[in-house]
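Chains as they are written, first to last, in my numbering: chain W, 1 to 305; chain V, 1001 to 1305; chain E, 2001 to 2305; chain P, 3001 to 3305.
Cβ atoms here follow ideal geometry from the backbone N, Cα and C, with glycine treated the same way.
Computed from a predicted structure; not experimentally measured.
See structure below.
4 protein chains.
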Amino acid sequence: MQEIIDRAIKHGWGYIGYGKPAAYIPELSKVNPNQLGISVIQINGENWNSGDYEAKFTIQSISKTVALIMAVVDRGADYVFAKVGMEPTGDAFNSIIKLETIKTAKPLNPMINAGAIAIDSMIQGESIDKKFERVLDMFRRLCHNHSIGNSEQVYNSEKATGFRNRALAHFMKDSGIIEGEVEEVLDLYFKQCSVEVTCKDIAMLGAVLAGDGVSPVTGERLLPRSLTRLVKTFMVTCGMYDASGEFAIRVGLPAKSGVGGGIMASVPGKMGIGVYGPALDEKGNSIGGIKTLEYLSNEMDLSIF
Amino acid sequence: MQEIIDRAIKHGWGYIGYGKPAAYIPELSKVNPNQLGISVIQINGENWNSGDYEAKFTIQSISKTVALIMAVVDRGADYVFAKVGMEPTGDAFNSIIKLETIKTAKPLNPMINAGAIAIDSMIQGESIDKKFERVLDMFRRLCHNHSIGNSEQVYNSEKATGFRNRALAHFMKDSGIIEGEVEEVLDLYFKQCSVEVTCKDIAMLGAVLAGDGVSPVTGERLLPRSLTRLVKTFMVTCGMYDASGEFAIRVGLPAKSGVGGGIMASVPGKMGIGVYGPALDEKGNSIGGIKTLEYLSNEMDLSIF
Amino acid sequence: MQEIIDRAIKHGWGYIGYGKPAAYIPELSKVNPNQLGISVIQINGENWNSGDYEAKFTIQSISKTVALIMAVVDRGADYVFAKVGMEPTGDAFNSIIKLETIKTAKPLNPMINAGAIAIDSMIQGESIDKKFERVLDMFRRLCHNHSIGNSEQVYNSEKATGFRNRALAHFMKDSGIIEGEVEEVLDLYFKQCSVEVTCKDIAMLGAVLAGDGVSPVTGERLLPRSLTRLVKTFMVTCGMYDASGEFAIRVGLPAKSGVGGGIMASVPGKMGIGVYGPALDEKGNSIGGIKTLEYLSNEMDLSIF
Amino acid sequence: MQEIIDRAIKHGWGYIGYGKPAAYIPELSKVNPNQLGISVIQINGENWNSGDYEAKFTIQSISKTVALIMAVVDRGADYVFAKVGMEPTGDAFNSIIKLETIKTAKPLNPMINAGAIAIDSMIQGESIDKKFERVLDMFRRLCHNHSIGNSEQVYNSEKATGFRNRALAHFMKDSGIIEGEVEEVLDLYFKQCSVEVTCKDIAMLGAVLAGDGVSPVTGERLLPRSLTRLVKTFMVTCGMYDASGEFAIRVGLPAKSGVGGGIMASVPGKMGIGVYGPALDEKGNSIGGIKTLEYLSNEMDLSIF
């Protein structure tokens, strides 16, 4: 196994030069683009690592899976999906068009920015600080790492430049999808995106989902099975932005990427995989990370299809 | 002449029942929908009035003409039209779609909300208060009425509910169309929309435009001729929201409407007309106002075509 | 006057190098791009010419004005505008999007391709040949030239390559806007676009419109006044494709362009102008033609605004 | 097992009243809406049936899976996916918008109408008749039923009314996606949609896909494994029109529906399922069929997630 993931990383390395770090968040563009790391955690707890697997990076859109979990736990699926759809979209992750053209004005799914912001408006807590504390707690439990925190620099950077997300949020406020204060909801969103993790952390998250909600470390049930299925399904249909369809064909695994360079993948019944490589392709996915996962999936026959 | 406008008002009255006041701004929905008034001012200063011509109403989108004048005066036409287009659009006044689909990301024209907000970001002044003072001064000069002010209630109502406009503004901030602070630009926009006028005020504005920039009262040149042509052209192609084409065919006059119920029309070389009727059709135009103008245009053969 | 139009042509010449002939119709791309000509005909019949005013070219979209006239004569305005809108659009002339997004599925106006094809489906006649004969008769009467015919080469070229127009027509057939046989309607459309004219012919058409329907040659009334107003209004709001707004500002005249290189302009109460220059700008309008008209309008103060 | 599928059908029955047969194809609207049937075939050949499983219906969009298989076999995946995308879409199955707004003009995937028509243009054969013969042969082999044919009535009905599909095809012809004769490509498409099958036939197709290409009856390899994965992936991300995301969540199986009322589902490594119920929901999927599959998936824990 160690050998396979070493080879996978080596394979992924060959593609790093074709990508580059996210440019639209100033803080993210400063990162060293030549990193590539992987962690694999089986649902029985066994694990392997390779490359820059200890490098810290911000979780970005991968956090949308955890936010979705919390919203469903807090409000129930019926409430959540009355305001956010379940359908994939051929539009870019930050597109605003469908909010105007679709009759219901619902964001199409919880994995695009509009949907994720709507999801954040449903997370409960007395204040934004309390809400974010709850989100952090969930991250720490699911990743089995009590030292997880967030990067103030990245948070401030996103907050200072997140005008497109503000446009999405105000549009949804106008159509009644978002109920609270727009800037507070965005604050939670920017904070959650700036949570810092390593490959091991997101591999653990993937392993919990792979194990239908049971911790690979303690054997404790952390999430109900139906909820882990819900999340894995969204990861397949919408997890890799508007390259989700191609990823499903080439790799065939539930996965969620972030512009920080991470990809969290989950092999149902088997393992969680965390990869990190900040050089992104034009869709915003880690270019080396995708190639590493593609190699691994083919080599180990992991596709769910 | 008095007889004709009396008949025109009577004709317009017949249609009031088919419309209703703007609902999306709480403060506007409280108005008495049965009002209808008209003022006509020739470029030589002669004038006539009929109906509820002394009723005060907020100028709303009619202010976009004055804001455009100020931006062009402050920055020059080249600067202004590098950031805002000149083309009519078949989309609704508050549509955001074109900002995403058009390559340049420019709002299509200065008469839709997106364009008007962008225009407001170009008006000069040390602070928002100073900028609004300059806008008010311009209103007072062009309407020849030094007591013109704005309604704090309507301003506060729009500010509290203007989420769609915030979405437009943040989207344009993201794409570099707007340079300053978004909330400050919006503040100026909401203030300018809440300026209170009567039919006489906007008839005077229309008369100044009709006279190529010369005051019907003092004979003083208030605006350069080229600028008044620019404004009248936009009034024809985009002045009546996405009913501009039909209005051009049925009435044939440069005109700008506002959801407050006012319509400012300008008959080149002849006269300015101000009408007020808060019952709106589904496009957001005064339903009685349009019918009054249609009657007048047909009766007096005013169409420019 | 002769001097002014000579200078205008000279001015227009300076811009020819920035454009190029239409490429999407093979037959049109073969033309000599360095031609530029103008004819001016006053409503009293006086006229002047300059440059390549005798060059023949295909009328293309300018024919949409004549087709609109015939549909309104044949069916009445109410019938026509129940199926085709009156609004300008910010989309390109061959755009199909609005047919899907707008609830009524109506093409926005009779000057875009979709609208013009719908208009053609309303022209009466026992067969396509009979219909086209009627259209040709109307051209001959309005242009006061009984030798007007069409180019079989251009007709065949358009017919062989007009797939986008076929897409528009079938879409409208599906939504019930078009009633007859799609290929027959398209046949009439391709034929009408291939009608060959000179600057003199379209100047005469513009002069008839300028004179509210009266022939400048015979003094005979050829069209009802209301119909000429309707056409001139559409020429202002939608006559120059998605550059209509800018043209209205810079030139200020009702005008209709075609990708054959012609522009037919009408100065209400004064004159018709025909210009021809096959080098087009990126919106599909004659680049030298626009500049010639702009010079003329400024020099002679012709703007209607 | 027999008991479970009997209960599943009974469950599905309860929802039939909320749907109705396809109205847009005249021939389809005449069917008895109260039918519901199911066939299940394990990859070892064992099988069960319930309800109206012997009723014949036209395969409609389910044929898109077979057409995709043939295009990839004939041209290779690289050629195919240079012209058709791999991404799901939030738009309706017959939407034309993305063809205009997306830079590449490629239809988003092979399961929407535009993509399926493009796919049909890649199937090889000397004539349309030969091509359709090849398609029929493939159907017969994959469904293990040599008597499969097509309904001339439904074919003629679709051909006579398929204007939206003609619009899609001509649009793609214009942008170079389709190379051959548009009407010939459409002819193949209409023919393939009119192929008549029963629940048993499509259950067999699903079983071949479930078995990675091996026939449950003969044990013969009919398709390469990679190709069956490709098809199953598209079935998950785009198989149920713009309800694919919700179906993935509620049922969790690769499936492809048709407006004829059939749904072909494939449980990887286990079985194929064919259901038929002509009452459709507003997305165009068999309403009873979906509920039957949902019951079965939950009861037997079949979800792939």
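Quick check on the burial criterion: 16 or more other C-beta atoms within 10 angstroms. Buried or exposed for residue i?
i: Q35 (chain W); result: buried
i: M2111 (chain E); result: buried
i: E2294 (chain E); result: buried
i: S1215 (chain V); result: buried
i: E2046 (chain E); result: exposed
i: R1166 (chain V); result: buried
i: K191 (chain W); result: buried
i: Y3018 (chain P); result: exposed
i: D1078 (chain V); result: exposed
i: Q124 (chain W); result: exposed
i: G2176 (chain E); result: exposed
i: R1164 (chain V); result: buried
i: T104 (chain W); result: exposed
i: G2012 (chain E); result: buried
Are the CB atoms of residue j and residue i within a distance shorter than 8 Å?
i: Y235 (chain W); j: H144 (chain W); result: It is Met, not Tyr, that sits at residue 235 (chain W) in the sequence shown. Not in contact: M235 (chain W) and H144 (chain W) (Cβ atoms no closer than 8 Å).
i: G3213 (chain P); j: R3225 (chain P); result: yes
i: F3139 (chain P); j: V3195 (chain P); result: yes
i: I3148 (chain P); j: V3185 (chain P); result: no
i: A1207 (chain V); j: M1300 (chain V); result: no
i: I41 (chain W); j: S50 (chain W); result: no
i: Y189 (chain W); j: A116 (chain W); result: yes
i: Y241 (chain W); j: G277 (chain W); result: no
i: K1256 (chain V); j: S1029 (chain V); result: no
i: I178 (chain W); j: G252 (chain W); result: no
i: G1245 (chain V); j: S1286 (chain V); result: no
i: A169 (chain W); j: M122 (chain W); result: no
Identify the continuous alpha helix (DSSP H) that holds residue i and give its terminal residues.
i: G2219 (chain E); result: Neither: G2219 (chain E) is in no alpha helix (DSSP H) and is coded neither H nor E.
i: M2070 (chain E); result: S2063 to R2075
i: Q2002 (chain E); result: Q2002 to W2013
i: V2154 (chain E); result: E2152 to T2161
i: V2275 (chain E); result: It is not in any alpha helix (DSSP H) - V2275 (chain E) instead sits in the beta strand (DSSP E) that spans M2271 to Y2276.
i: M1122 (chain V); result: Premise fails: M1122 (chain V) is in no alpha helix (DSSP H) and is neither H nor E.
i: M2138 (chain E); result: I2128 to L2142
i: F1247 (chain V); result: S1244 to R1250
i: T3101 (chain P); result: I3097 to T3101
Just to confirm the assignment, what range does the beta strand (DSSP E) spanning residue i have?
i: N1049 (chain V); result: N1047 to G1051
i: G1037 (chain V); result: G1037 to Q1042
Have a look at the DSSP bridge pairing and note the partners of residue i.
i: T2058 (chain E); result: E:E2196
i: K3106 (chain P); result: Looking at the DSSP assignment, K3106 (chain P) forms no beta bridge with any residue, so it has no partner.
i: Y2189 (chain E); result: For Y2189 (chain E), which the question treats as bridged, DSSP gives no partner whatsoever.
i: L3280 (chain P); result: P:K3020 and P:S3286
i: M2111 (chain E); result: Bridge partners of M2111 (chain E): none, in fact.
i: L1147 (chain V); result: Checking the displayed sequence, the identity of residue 1147 (chain V) turns out to be Ser instead of Leu. Note: S1147 (chain V) sits in no beta bridge, so no partner.
i: S2257 (chain E); result: E:I2263
i: V2231 (chain E); result: V2231 (chain E) is not bridged to any residue.
i: V2031 (chain E); result: Note: V2031 (chain E) sits in no beta bridge, so no partner.
- [ ] Taking a Cβ distance cut-off of 7 Å, strictly less, list which residues of the region 2144-2171 of chain E are near chain P, in chain order.
- [x] F2163, R2164, R2166, A2167, H2170 and F2171
- [ ] Determine which residues of the region 2074-2100 of chain E have a Cβ less than 7 Å from any Cβ of chain P, and write them out in chain order.
- [x] S2095, I2096, I2097 and E2100
TODO: Below 8 Å between beta carbons is the criterion; list the residues of the region 3036-3062 of chain P that meet it against any residue of chain W, in chain order.
DONE: none
TODO: Give, in chain order, every residue of the region 176-207 of chain W whose Cβ lies closer than 7 Å to some Cβ of chain V.
DONE: none
- [ ] Please list the residues of the region 3104-3117 of chain P that have a C-beta atom closer than 7 Å to any C-beta atom in chain E, keeping them in chain order.
- [x] Here the close residues number zero.
Task: Positions along the region 1227-1238 of chain V whose CB lies within less than 8 Å of some CB in chain E - done: Hits within the stretch, in order: R1229, L1230, K1232, T1233, F1234, V1236, T1237 and C1238.
Task: Under 7 Å (Cβ pairs) to chain V, residues found in the region 2257-2289 of chain E - done: Along the region 2257-2289 of chain E, going in chain order, the ones with a CB nearer than 7 Å to a CB of chain V are P2268.
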